[in-house]
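**Q**
In this note's numbering, the protein residues as written are 1 to 380.
1) Note down, one range per segment and in chain order, each alpha helix (DSSP H) of at least 4 residues found wholly within the segment 186-245.
2) Within its chain, find whatever has a CB closer than 6 Å to the CB of residue 50; leave out the 5 residues flanking it on each side and keep chain order.
3) Taking C-beta to C-beta, are residue 388 and residue 191 nearer than 8 Å?
4) Pick helix, strand or coil for residue 155, following the three-state DSSP scheme.
5) Which whole-angstrom value describes the C-beta separation of residue 176 and residue 160, a residue pair presumed to lie in contact below a C-beta threshold of 8 Å?
6) Could you tell me if residue 29 is buried or exposed, where buried requires 16 or more neighbouring beta carbons within 10 angstroms of its beta carbon?
7) Which term fits residue 346, buried or exposed, when burial requires 16 or more other beta carbons within 10 angstroms of its beta carbon?
8) So, is residue 104 buried or exposed, given that buried needs 16 or more other C-beta atoms within 10 angstroms?
9) Leaving aside the five residues before and after residue 367 along the sequence, list all residues of the same chain whose C-beta is less than 8 Å from its C-beta, in chain order.
10) Give the single residue among 150, 333, 358 whose Cα lies nearest to the Cα of residue 327.
11) Within the segment 313-362, note down every full alpha helix (DSSP H) run reaching 4 residues or more, in order along the chain.
12) Which word fits residue 255, buried or exposed, when buried means at least 16 other C-beta atoms lie within 10 angstroms of its C-beta?
13) Let me check understanding here. Comparing Cα to Cα, which of 124, 144, 377, 118 lies closest to residue 293?
14) Evaluate contact between the segment 230-244 and the segment 301-308, counting only Cβ atoms and requiring at least three cross-stretch pairs below 8 Å.
15) Verify whether the separation of the beta carbon atoms of residue 385 and residue 373 is less than 8 Å.
16) Can the beta-carbon of residue 5 be found less than 8 Å from the beta-carbon of residue 20?
17) Where does residue 165 land, buried or exposed, given buried means 16+ other C-beta within 10 angstroms?
18) Going by other Cβ atoms of all chains shown within 10 Å of its Cβ, with 16 needed for buried, is residue 204 buried or exposed?
19) What's the C-alpha gap between residue 113 and residue 342?
20) Could you tell me which residues DSSP puts in a beta bridge with residue 33?
21) So for residue 285, helix, strand or coil by DSSP?
22) Could you check whether residue 135 and residue 129 sit closer than 8 Å to each other, using their CB atoms as the reference points?
23) Quick one: using the 10 Å Cβ neighbour count with 16 as the cut-off for buried, is residue 13 buried or exposed?
24) State the CB to CB distance for the pair residue 289 and residue 317, rounded to an integer number of angstroms; the pair is presumed to be in contact (CB under 8 Å).
25) Distance check for residue 197 and residue 127, CA to CA, integer angstroms please.
26) Per DSSP, what kind of secondary structure is residue 135 in: helix, strand or coil?
27) Please report the straight-line C-alpha distance between residue 163 and residue 356, rounded to a whole angstrom.
28) Can you tell me where the beta strand (DSSP E) holding residue 306 begins and where it ends?
29) Name the residue from 362, 324, 169 whose alpha carbon lies nearest to the alpha carbon of residue 300.
30) Go ahead and pull the three-state DSSP assignment for residue 116.
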């Protein structure tokens with residue numbers, strides 16, 4: 001199969017999912033091409049969306065959350081077919097912008113057997129082209145959060161790949177045909193499906209083998225009140241514990257922590273491509289509840305604590321994983337520090353979290369997606 005994957009540069013999660021799909025599909029003999037789906041909205045729109053997303057996410061999380069709740073309310077009020085059909089009719093009356101024409105040309109070129117969208121904006125563009133009869137390529141949407149996010153019900157797709165069977169009622173409740181909802185899970189790269197021993201991981205990273213280690217990561221953008229959380233954890237964790245802080249692309253946070261916090265209980269790491277090793281090395285993995293980062297952690301069976309730092313879809317992710325018994329919830333720096341110290345003192349609690357992850361997330365999501373796409377393409 002020849003697959004076009006449309007991602008987005010609003011954080012690294014969508015790109016991680018795209019790479020995980022491509023990795024598995026190519027291992028099965030398919031060819032994949034990953035493109036930034038937002039680029040087909042035009043350069044200025046792409047830059048505005050990405051920059052505003054990062055700014056609000058990092059600097060104004062409450063505003064970000066309020067906007068998300070508003071869009072959720074709008075999605076409940078109006079089903080997609082009504083809204084999208086009206087948009088398609090309006091656009092028929094005027095000339096299609098050049099970036100959209102280039103997407104139409106790409107999808108109509110015959111170079112691809114199917115398109116997989118891992119961001120809702122890209123999926124909307126594909127949906128408009130399909131509904132207007134300009135392209136006829138099989139199309140799929142991958143939900144990368146544990147909730148039906150705004151706009152996900154506003155698509156014209158052959159199938160929606162959703163994270164868990166328990167989410168079928170929520171997605172169907174927004175008007176998506178239940179027969180098109182496939183609970184494949186969220187795909188992660190093969191490195192997150194492999195498990196090494198804690199001792200091996202610590203040796204490879206140069207971490208002390210006998211310490212109790214908590215790893216704190218706030219995603220590729222380093223969002224959330226990391227400074228307060230680090231100070232609280234350094235103060236609250238046991239004396240034999242080590243806190244490893246992974247700052248992602250937030251270089252300012254990395255420099256601030258290195259300059260201001262000096263403690264034998266703290267190790268600061270900037271951007272790293274060795275996250276699978278850090279998850280294997282951790283007694284407790286603390287992160288924000290992004291869809292991809294949490295899926296990578298639960299696939300690794302890492303005992304997980306989630307920080308409620310940015311309202312919106314991440315709050316939904318947090319509630320869902322907590323409900324499955326796969327994560328401990330943390331609200332506020334001080335309560336997080338107390339909960340982390342308590343968790344590190346209870347090996348039974350940490351093992352229970354890992355066992356629940358193994359029970360709920362044992363399947364290979366990329367394999368399920370491959371089989372579903374292959375079945376649809378075989379009928380086309």
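The beta-carbon is built from N, C-alpha and C at its ideal position, and this holds for glycine as well.
**A** By the coordinates alone:
1) 190-193, 198-205, 226-236
2) The predicted model places residue 50 with a pLDDT of 44, which falls under 50 and marks its position as unreliable, so this point remains unresolved.
3) Past the edges of the chain, shown from 1 to 380, lies residue 388, and the structure says nothing about it.
4) coil
5) 6 Å
6) exposed
7) exposed
8) buried
9) 24
10) 358
11) 313-323, 333-344, 347-360
12) exposed
13) 144
14) no
15) Examination of residue 385 is not possible in this model, given that the chain is present from 1 through 380 alone.
16) no
17) exposed
18) exposed
19) 52 Å
20) 4
21) strand
22) yes
23) buried
24) 4 Å
25) 45 Å
26) coil
27) 16 Å
28) 304-307
29) 362
30) strand
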